[in-house]
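So the numbering used here is basically just the index in the sequence shown, starting at one, shifted up by 1487.
Ideal Cβ placement from N, Cα and C applies to all residues, glycine included.
Everything numeric in this text was worked out from a predicted model, so none of it was measured.
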Amino acid sequence: MIDLAIPHSSSVADSRAPNPASAGPGASWRVRVVTMWLVLVIILLIATSQQIAAVRFNDPDDALRLMEVRDLLGGQGWFDLHQYRVAAPEGVPMHWSRLVDIPLAGMIAILRPLLGAPLAEMVTLITVPLLTLLAALMLVGRLTAKFFDTETVGIACLVMAVATPLILQMLPMRIDHHGWQIVLALAALNGLAARPTREGAVRGGLVIGLSLAALLAISIEGLPLTAVFLGVLALRGLTGRGFAGFAAASAALALSSAAIFLGTRGLGDLTTHCDQISPIHLALFCLVALGSGAIVAVAPRRWPVALAMLGATGAATLGLYLGVAPQCRGGAFVALDPMIHKYWYENIAEGMPFWHSPLPAAIEMIGVPLVGLFAIAVLWRHAKSAEERAWWFDHALVLAGALLIGAALARASATACGFAVMPTAALVVRYIVALRTVSPLRRVAGYLGILLLLMPPLPAIAWARLDALRTHSKTIAGVPTPSQCHYLVAARALNTLPPTDMFMPLDIGPDILVRTRERAVATGHHRGIAGMDDVMNAFLGTPDQAHAIITRRHATLIAVCPDTAEPGNYKFYAPNGFMAQLLRGKTPPWLERVDLAPGSNMLFWRVKG
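What follows is the structure, encoded as structure tokens:
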């Protein structure tokens, strides 16, 4: 057995918390983080070079985000988040936040006079996600340096680099909001690690509240995580560590949310929305802030009184929410009709529980946070003080909460992986030091064990590759095959034609729109329900039904990328439907097949008449 006791070695951090010398200004951990980041930048640029050269976005949302930024720079109002080339002429209102647009628009605006618009956009598409990665690494490094040495900071950067659910959100071209959500969640975790004094608790609470307010403005999916942080802060108060942090976080959350709402949304839309922060949410945050402030003011000496006050605050908050916005009990996507939910939403693996994802991805979503929890258990066991044990307990609660959220919503697992990085790195350092004193054979076995800790899905990936070799398959189970459609080639052809309304599957719409002047009936964005309904009804229905819908939508061109998932789904659900017939080469009389963009691997039909 390998001894997991804390080794007395200068190469291993003294795990006393906090460690001001490590986290102070000019500390060497920053140099280590920047060095690791530069190495990662080189690796990621090489790994994504073909994607960058082809200007291929990681997700349709990235393409639509660039469209939103272009519209802003082109003069569209700051508070106007409509996409007017989707479901034209009315357009579709988006639930996104201008906070994410700011760094993108700012960098493009600065670089455009120097490089021209196309190159300025490309530099921004590459640079902003990598700067997001740097911010995340810095926050992980700062947190690690409070408890461990610089070597552990370097290992933490490595752990983060191999956490696939996390690193995928910060690749070049990944400009949507998910990377910033991770950064803001890590900032909140840093706030939780503030010094356990009253002043430290207040400062940490302010950081937590501000970070969570920005996170919620970007995505309301951060509400459960916000509840986890506030719950941990409230528990600190109940266990004798004071309610100052809870009150500061609640006040900062309420005030910052109101300020961000006014600054990015204005007063033009005060309707209750279930998919973004609305006035009802601001009222809830104010109610929690008032309740936490009352607890600090009363300063109950017995925990049952404090618990009763917390319960009253929680009950009032829940009652207000259910009373004013009962429709939001079903979540952010409650407005989706059954057809869209079945044929679109349930086919988006990142929006479903983790078990809907391919096996290797599902294992990593859960495995990385579980390793982090195991590491915390080891660190808690060997903690040198009650103060340190209390921190690891709090960290475990936040990580466990993030794990449960990520299990229910796959894309949220990236945050849980981020929370697991620091304890996992500390555990890896302990194992590495312990392995120095064992036999070479056991050392090799130990290093293999460390590899499995860092990359839990390795056995599943290896098995899938062996199975592919055994069956002579060109594809590997659980690994998606990249599409062979070349949207740049298609765009060059489309840009020689007058702009028109195009009828196409939801997921390719943004890739076409961002490269052309065309308009789309719908994209995969849930506020455009009417257009999404029409697209699905047409492709799942008969050719005659499709003709009626396409005519009503004034579309003159149909485009399909045949090797993407969405057309295959329509064919599966409706084997004799309009899409299935198109994929089989059966063209109805009212359509004309056109070879519009040779080499694009896309299919086009022109509507006659």
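Asked	Found
Simplified DSSP assignment, three categories, for Ala1510	Here the model assigns Ala1510 a pLDDT of 41, short of 50, so the residue's position is not dependable, and the following value carries that caveat. Helix, per DSSP.
For Trp1831, the three-state DSSP class (helix, strand or coil)	coil
Test item: CB-CB of Met2023 and Tyr1830 under 8 angstroms	yes
CB contact flag (Ile1853, Ala1894, <8 angstroms)	yes
Contacts around Tyr1918, its chain only, beta-carbon distance under 6 angstroms, and the 5 residues preceding and following it disregarded	Ile1937
Alpha-carbon to alpha-carbon, Leu1568 and Asp1501	Per-residue confidence for Asp1501 stands at a pLDDT of 42, beneath the threshold of 50, marking its modelled position as unreliable; the derived number appears in the next sentence. Looking at the two C-alpha atoms, the distance is approximately 50 angstroms.
Unbroken stretches of the beta strand (DSSP E), 3 residues or longer, contained in the segment 1988-2035	1988-1990
Identified DSSP bridge partners for Arg2093	Leu2044, Glu2079
CB contact flag (Pro1659, Leu1531, <8 angstroms)	yes
Contact set for Asn2056: own chain, Cβ-Cβ below 8 angstroms, skip 5 residues either direction	Tyr1830, Asn1834
Cutoff 6 angstroms; reference Ile1948; Cβ partners in own chain excluding five residues on either side	Pro1847
Beta-carbon gap between Pro1616 and Ile1654 smaller than 8 angstroms	no
Where Ile1948 sits in the DSSP three-state scheme	helix
Helix, strand or coil at Val1440 according to DSSP, with G and I counted as helix	For the chain, the structure presents residues 1488 to 2096; residue 1440 sits outside this window and is missing.
Within 8 angstroms, strictly: CB atoms of Val1920 and Thr1639	no
Reduced DSSP secondary structure (H/G/I, E/B, other) of Gly1882	A quick correction: the sequence has His, not Gly, at residue 1882. Three-state DSSP puts His1882 in a helix.
Which listed residue (Cys1815, His1768, Trp1950, Arg1979) has its alpha carbon closest to that of Ala1741	His1768
Beta-carbon gap between Pro1992 and Pro2054 smaller than 8 angstroms	yes
Cβ-based burial, Trp1565 [other Cβ within 10 Å; buried from 16]	exposed
Delimiting residues of the alpha helix (DSSP H) encompassing Ile1662	Segment: none, Ile1662 is in no alpha helix (DSSP H) and carries neither H nor E.
Touching by the beta-carbon criterion (3+ pairs, under 8 angstroms), the segment 1531-1547 and the segment 1710-1729	no
Close Cβ partners of Ala1643 (< 6 angstroms) along its chain, the five nearest in sequence each way excluded	Val1627, Thr1631, Val1908, Met1909, Ala1912
Spatial neighbours of Ala1550 in its chain, beta-carbon cut-off 8 angstroms, leaving aside the 5 residues before and after	Phe1544, Pro1997, Asp1998, Leu2000, Val2001
As assigned by DSSP and simplified to three states, the class of His1843	helix
Beta-carbon spacing of Phe1730, Leu1717 below 8 angstroms	no
Rounded straight-line distance, which links the Cα of Phe2059 to that of Ala1964	Confidence at Ala1964 is low in this model, with a pLDDT of 49, below 50, so its placement is unreliable and no value can be given for it.
Ile1613 classed as buried or exposed, judged by whether at least 16 other C-beta atoms fall within 10 angstroms	buried
Spatial distance of Cys1761 from Ala1819 (CA atoms)	5 angstroms
Classification of Tyr1974 by the beta-carbon crowding that lies within 10 angstroms, buried from 16 upward	buried
Coarse secondary structure for His1869, derived from DSSP in three states	coil
Close-in-space but distant-in-sequence residues of the same chain around Leu1922 (CB under 6 angstroms, 5 per side omitted)	Arg1930, Gly1933
Nearest-angstrom beta carbon gap, Ala1623 and Leu1679 [assumed within contact, 8 angstroms]	That pair is no contact at about 16 angstroms.
Minimum C-alpha distance to His1582 - residue among Thr2038, Leu1890, Pro2049, Gly2011	Gly2011
8 angstroms Cβ cutoff met for Ala2035 and Met2019	no
Cutoff 6 angstroms; reference Ile1850; Cβ partners in own chain excluding five residues on either side	Pro1943, Pro1944, Ala1947
For Lys2095 and Thr1983, the rounded distance between their alpha carbons	19 angstroms
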